[in-house]
Structures are given as structure tokens and as C-alpha cells.
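The structure appears right after this line, and notes come after that.
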Amino acid sequence: MDDLVLLKDEVEFLHALRLHGGVIVVGEYRSDDVRADFLCDHGLTVRRGEILSLTPFGERVADKVSARHLVEVAILTGYEIEQLRR
Numbered sequence: 007m008d009d010l011v012l013l014k015d016e017v018e019f020l021h022a023l024r025l026h027g028g029v030i031v032v033g034e035y036r037s038d039d040v041r042a043d044f045l046c047d048h049g050l051t052v053r054r055g056e057i058l059s060l061t062p063f064g065e066r067v068a069d070k071v072s073a074r075h076l077v078e079v080a081i082l083t084g085y086e087i088e089q090l091r092r
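If you want it as C-alpha cells, here you go:
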């Protein structure tokens, strides 16, 4: 399993999703679409139209990276990802 690198805006977006009960409306800005596609491609979210929802895996990742109080980037190792998928 490869490492997962999340930039600050992706971490903040996951945190916002978590605060909103795991569901948020996207699509107002192009950056929302790009971010949503990235998170979906990595199994963190599921998109249905303009509604983006955290997956159970995404919830665990959001909890882990939000707790790190990071500055610019969060790196989850392949081992950490495997543990969070369980």
C-alpha cells in the first residue's frame, strides 16, 4: 500500500466534512470538484451529484489527520492506511 499525502486544504476539507456530519454540498467552485475527485479516488468519500459523503474509512482518516494539528501536509504511511481500513 502506498502512502497517502494530504495537503492542508484537503485536511481542512475532511475536518469540515466531519464537523457537518460527514455530508457536504460541493460544486460551487472548481477546486471543490478537484478536491472531491481526489478524495473519492482514494476511498475517503463518495459523491452523488453535488453531495459528498465521508466513507467509514474517510471518517477514520479525518479523525486521525485532524488530531495532528499539522501545518502544511499530512502523510499517512501504507501501514497506517491498512490499520484505518480495518
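Add 6 to a position in the sequence shown, counting from 1, and you land on the number used in the numbering used here. Ideal Cβ placement from N, Cα and C applies to all residues, glycine included.
Using 10 angstroms around the beta-carbon of G64, count the other beta-carbons present and answer buried if the total reaches 16, otherwise exposed.
buried
With distances taken from CA atoms, which of E78, T51, V11 and K70 is nearest Q89?
K70
Please name the residue or residues paired with V31 in a DSSP beta bridge.
I57
Residue span of the beta strand (DSSP E) that contains A80, given as start and end
V79 to L82
Buried or exposed (CB count within 10 angstroms, at least 16 for buried), V11
exposed
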